[in-house]
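Notes to accompany the following structure.
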Amino acid sequence: MHFYLPIAEVSVNALLLVVLGGLVGFISGMFGIGGGFLMTPVLVFMGIPPVVAVASEANHVAASSVSSVIAYSRKRSVDFRMGGVLACGGAIGSFIGVEVFRWLRLIGQADFAVSLSYLLFLGVIGGLMLTESVGTILRRRSGQPPKPRRDRRPALLYALPFKVRFPRSRLYISVIPPILLGVFVGILSAVMGVGGGFILVPAMIYLLRMPAPVVVGTSLFQIVITTSLTSVLQAGRNQTVDIVLATLLLIGGVIGAQLGARASGRFRAEELRALLALLVLLVGLRMGADLFIKPEEAFVLMTGATR
Amino acid sequence: MIPLVEAPPAPPLVLAPPAPAVSAALTDTEIRVSSGFRGARIVLYGAVFDPKDRPSDIVVIVRGPDQPLRIARKTQVAGLWLNSRPVVFRGAPGFYRVASTRELQEIAGFAPLRHLGAGLEHLAIAAPLEQRVETTYGVRDVVVSRLGADYLDWRRAVVRLKEKAGLYAADPRGVRFVDKGLFRAQLDLPAEAPIGQYTARIVLFQDGKPVSIRDRALVVEKAGAERALYVFAKDRPWTYGLVSVIVALGAGWAASVAFRRS
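Quick mapping for you: the protein sequence lines, in order, are chains A and B.
Everything in the first sequence is counted per our numbering, starting at -13 for the first residue and increasing by one.
Everything in the second sequence is counted per our numbering, starting at 20 for the first residue and increasing by one.
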């Protein structure tokens, strides 16, 4: 069944989009990431203009994330206060990010920035997470005791002013690191067209030292706020949100997210993390490969005309 | 007697040979794009009026709304393939089809084809931002391109990429004479064809010269829900954004409620 998208101005297979939305939603609910880093490249590959793909994808991510946030909050594993602080930073970041992206498009380097940041961030984060989680799995298989977790948190978290209590995360730290983290993720998410969960999840575990059970739900909560804001900003400023595209994706997405959140309980945390790491690494390498392979066609038409 | 004044004889009817003319009509002048739109086929019928029956050729040129475009070239810098600074081309139609009874270069020479913009190599597209006019060797108004010698490469790339996207095409067998003086052309509009005002120019060539030209208009417009959403997004972008977010959040909430019950 084909559908003509009013903003993207292309005809797409509706069923395929629903199924894709469902798959990405499943991954999103399972790992606590938005799934934008998977979906945006797929949409662009299907012939949807990148600007429309990025903006509509934010809308889809908001839908599937809200669906899994509710599932996680029933398990009391969302730190709303921490999520709110991160989202404040995220809001500032996405304002900056939208402007940065406009400028990059103007000088024609948006493709390069996107490829490079996928390669850099997904590659590094995927690689680190993979070695860490595979190490843990191997140690457990060979019967060795797990490496003692270094409980000493970075002193910076405590040395800075504006300390706030985060009861659910059992933390009493300065708000400055989480806000800065939020800003960073916000900029990145506007440039890469993603929610930023793949950065938030490891950052909350390794930098903020939040307890693992609340990390996924909190990351999703932050993603809901940032992507909703991005969606409105993109629609208002660039008029690039295709509501038909977003709706097709989110029909599958919200169902997939529920199934994913259920399935996540059946895996061990480190196995889940190894899977996610592998996925992140593969997408990063695939996107980055374009930078090194000689292109078949030496010229590229740029979308977004001449503004 | 009043002399009868004879009425002067009617001047003899001088029949100057009527100039050959072409006439044509589109079977559809309005293409409505709604959710099921997967492209359209437009059929054009026309006739050549020429009492002398000289050999005639027909060229049909269909142009979509102009869309300035940006193009960049991939260059290798320190082992990485990067985009060069993009170049803006103006005057490029968003859609272009030329159909003719035979190969264009058999129909006419360079000058008339260039003048009419008939044929992919004769499209009047240029990169004005990359050009400056200067006086060289005493010759005034020489257009110099900052793109240098490979300007033609850029131009060809624009056409090639548009052809690959199905938006530009040339069909030297696209017009057929179905009867004496009666011809038919068929144009396929892909789903990616831009929305807007199109013109179909029908040119009658005789002896390598364009002797008669007809223009026909064609509108491609969004219809129904597609149009309503498009207008909503353009006219009230912030409300549209809010609505789309509310739909998204509502759908997420509804799914989680539904799954809790099950």
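Backbone N, C-alpha and C define an ideal beta-carbon position, used for all residues, glycine too.
| Item | Value |
| --- | --- |
| Within 10 angstroms of the Cβ of residue 75 (chain A), are there 16 or more other Cβ atoms? Answer buried if so, exposed if not. | buried |
| Within its chain, find whatever has a CB closer than 7 Å to the CB of residue 158 (chain A); leave out the 5 residues flanking it on each side and keep chain order. | 149, 151 |
| For residue 174 (chain B), would you say it is in contact with chain A, using Cβ-to-Cβ distances shorter than 8 Å as the test? | no |
| Please identify the residue among A:34, A:28, A:30 whose C-alpha is closest to the C-alpha of residue -8 (chain A). | A:34 |
| Assign residue 283 (chain A) to buried or exposed, taking buried as 16 or more other Cβ atoms, counted over all protein chains shown, within 10 Å of its Cβ. | exposed |
| Any C-beta of chain A within less than 7 Å: which residues of the segment 225 to 249 of chain B qualify? | 241, 245, 248, 249 |
| Just to confirm the assignment: which complete beta strand (DSSP E) runs, minimum length 3, are found wholly within the segment 151 to 194 of chain A? | 157 to 160 |
| Using a Cβ-Cβ distance under 8 Å, would residue 59 (chain B) count as near chain A? | no |
| Please identify the residue among B:235, B:242, B:183, B:251 whose C-alpha is closest to the C-alpha of residue 284 (chain B). | Examination of residue 284 (chain B) is not possible in this model, given that chain B is present from 20 through 281 alone. |
| On the three-state DSSP scale, how would you describe residue 208 (chain A)? | helix |
| Nearest chain B C-beta to residue 97 (chain A) closer than 8 Å, yes or no? | yes |
| Give the interface partners of residue 187 (chain B) over in chain A, defined as CB-CB distance under 9 Å, in chain order. | Going along chain A, no residue has its Cβ under 9 Å from residue 187 (chain B), so there is no contact; the nearest lies around 12 Å. |
| Could you work out which residues of chain B lie near residue 244 (chain A), taking near to mean beta carbons separated by less than 7 Å? | 274, 275, 278 |
| Using 8 Å as the limit for Cβ to Cβ distance, is residue 133 (chain B) near chain A? | no |
| In angstroms, rounded to a whole number, what distance separates the CA positions of residue 222 (chain A) and residue 66 (chain B)? | 50 Å |
| Quick check on the DSSP output: the alpha helix (DSSP H) that includes residue 124 (chain A) runs from which residue to which? | 109 to 127 |
| Any beta carbon from chain B within less than 8 Å of residue 104 (chain A)'s own beta carbon? | no |
| Based on the DSSP secondary-structure assignment, which residues constitute the bridge partners of residue 288 (chain A)? | B:89 |
| For residue 260 (chain A), collect the residues of the same chain with a Cβ closer than 7 Å to its Cβ; drop the 5 residues on either side in sequence, then sort them by chain order. | 116, 119, 120, 123 |
| Taking C-alpha atoms, which residue in B:77, B:37, B:53 lies nearest to residue 195 (chain B)? | B:77 |
| Would you list, in chain order, the members of the segment 221 to 233 of chain A that have their beta-carbon closer than 8 Å to a beta-carbon of chain B? | 221, 222, 223, 225, 227, 229, 230, 232, 233 |
| In chain B, what lies closer than 7 Å to residue 277 (chain A) by C-beta? | 99, 100 |
| From this set, A:274, A:22, A:215, A:127, which residue's C-alpha is nearest residue 257 (chain A)'s C-alpha? | A:127 |
| Would the beta-carbon of residue 52 (chain B) fall within 8 Å of that of residue 231 (chain B)? | no |
| If we ignore side chains and look at the alpha-carbon of each, how far apart do residue 61 (chain B) and residue 47 (chain B) end up? | 6 Å |
| Tell me the rounded alpha-carbon separation between residue 98 (chain B) and residue 278 (chain A). | 7 Å |
| Can you name the start and end residues of the alpha helix (DSSP H) that residue 87 (chain A) belongs to? | 66 to 92 |
| Per the contact definition of three or more C-beta pairs closer than 8 Å, is the segment 170 to 184 of chain A in contact with the segment 9 to 23 of chain A? | yes |
| Determine, using beta carbons only, whether residue 158 (chain A) comes closer than 8 Å to chain B. | no |
| Taking the alpha-carbon positions, what's the residue 219 (chain A) to residue 29 (chain A) distance? | 20 Å |
| Can you list, in chain order, the residues of its chain with a C-beta nearer than 6 Å to that of residue 54 (chain A)? Leave out the 5 residues immediately preceding and following it. | 15, 206, 243, 247 |
| How many angstroms separate the CA atom of residue -6 (chain A) from the CA atom of residue 266 (chain A)? | 27 Å |
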